[in-house]
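Respectively, the protein sequence lines represent chains C and B. Reading the first sequence from the start, the letters are residues 4 to 115 in this note's numbering. Reading the second sequence from the start, the letters are residues 138 to 253 in this note's numbering. We put the CB at the ideal spot given by N, CA and C, even for glycine. Note that the coordinates shown come from a computational prediction; the quantities given were computed from them, not determined experimentally.
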Amino acid sequence: DQQVKQNSPSLSVQEGRISILNCDYTNSMFDYFLWYKKYPAEGPTFLISISSIKDKNEDGRFTVFLNKSAKHLSLHIVPSQPGDSAVYFCAATRTSYGKLTFGQGTILTVHP
Amino acid sequence: NAGVMQNPRHLVRRRGQEARLRCSPMKGHSHVYWYRQLPEEGLKFMVYLQKENIIDESGMPKERFSAEFPKEGPSILRIQQVVRGDSAAYFCASSPPGQAINGELFFGEGSRLTVL
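This is the structure:
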């Protein structure tokens, strides 16, 4: 039962343009959503998060949007940079601790 | 300020052997999590521990897997009688004590287990 899904295995974007990564979830009990970034042979690093009581959270070039009625969230990166090339994981939780349900990941490639 | 330290980074075992993976959390962190990533999949929660206590082990397979976080020393994830399906990357993460952290974890670089 895949409760968090990232349906695009990969995304290719030109440097300077916007990258949009999407994520869908099925469990309406999730109340906190996160994005993690992962480089090869490294562990995931926390990027940005959003509480279910909000619909948008922004941090520099990164913005996360949450549409609760559609059970959908997205990560926007503007402008995209080659160093953003990595695997991006969407995650969700309904606990106050670190028990996360991850999506399968989307490989983002930003071309110079 | 060292991050989460995992060792070994790579471990090769034959079927039926035991695998022990170690994790030292970030300085000041007393909560440890273990996640497993199978090939082409996302990370899956296994267990959440505090010093000398298992808080949530709902993601641990019922047999052959165990985890501990003793008062002194690193957290250990132990897999007995390994099978080929145990081949995966095992990630440890930590968080500070006290407040709710809502999933904002600090991950180690992972231990890659290969079972021949």
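- Residues of chain C with a Cβ closer than 7 Å to the Cβ of Ile238 of chain B are, in chain order, Tyr100, Gly101.
- Between Gln9 of chain C and Tyr91 of chain C, the CB-CB gap stays under 9 Å.
- For Thr251 of chain B, the uninterrupted beta strand (DSSP E) run begins and ends at 248-252, by DSSP.
- Using beta-carbon distances, Asp223 of chain B does not count as an interface residue toward chain C, since no partner is under 9 Å.
- Judged by beta-carbon spacing, Ser11 of chain C lies beyond the 9 Å limit of Asn30 of chain C, meaning their Cβ atoms are not closer than that value.
- Nearest to Ile216 of chain B by C-alpha distance, out of B:Arg201, B:Ser224, B:Ala230, is B:Arg201.
- Around the beta carbon of Val149 of chain B, a 10 Å sphere encloses fewer than 16 other beta carbons of the protein chains shown; the residue is thus reported as exposed.
- Counting along the chain, Leu24 of chain C sits inside the beta strand (DSSP E) bounded by residues 22-28.
- For Ala89 of chain C, the nearest beta carbon of chain B is not closer than 9 Å to its own beta carbon.
- Within the model, the alpha-carbon separation for Ser88 of chain C versus Ile110 of chain C is close to 7 Å.
- Taking a Cβ-Cβ threshold of 9 Å, the residues of chain B close to Ser52 of chain C are Asn239, Gly240, Glu241, in chain order.
- Remark: C-beta atoms of Tyr100 of chain C and His168 of chain B approach each other more closely than 9 Å.
- Taking a beta-carbon distance threshold of 9 Å, Tyr28 of chain C does not count as an interface residue toward chain B.
- Residues of the same chain with a CB within less than 6 Å of the CB of Gly153 of chain B, apart from the 5 flanking positions on each side, are Gln218 in chain order.
- Ser231 of chain B is classed as buried because its beta carbon has at least 16 other beta carbons within 10 Å across all chains shown.
- The secondary-structure analysis by DSSP pairs Lys40 of chain C across a beta bridge with C:Thr48, C:Tyr91.
- Taking a Cβ-Cβ threshold of 7 Å, none of the residues of chain C is close to Glu209 of chain B; the smallest such distance is about 23 Å.
- The beta carbon of Val7 of chain C falls within 9 Å of a beta carbon belonging to chain B, placing the residue at that interface.
- DSSP places Arg64 of chain C outside both helix and strand once states are collapsed to three, so it counts as coil.
- For a Cβ distance threshold of 7 Å, residue set Gly101 of chain C lies close to Ala230 of chain B, ordered along the chain.
- For the set C:Thr66, C:Ala44, C:Ser72, the Cα lying nearest the Cα of Ile21 of chain C is the one of C:Thr66.
- Of the other Cβ atoms in all chains shown, fewer than 16 fall within 10 Å of the Cβ of Asp62 of chain C; this residue is therefore exposed.
- By the criterion of a C-beta distance shorter than 8 Å, Ala94 of chain C is surrounded in its chain by Val7, Phe36, Leu37, Trp38, Tyr39, Leu103, Thr104, Phe105, Gly106, once the five residues flanking it on both sides are discounted.
- Residue contact with chain B for Leu76 of chain C: absent (no Cβ-Cβ distance below 9 Å to any residue of chain B).
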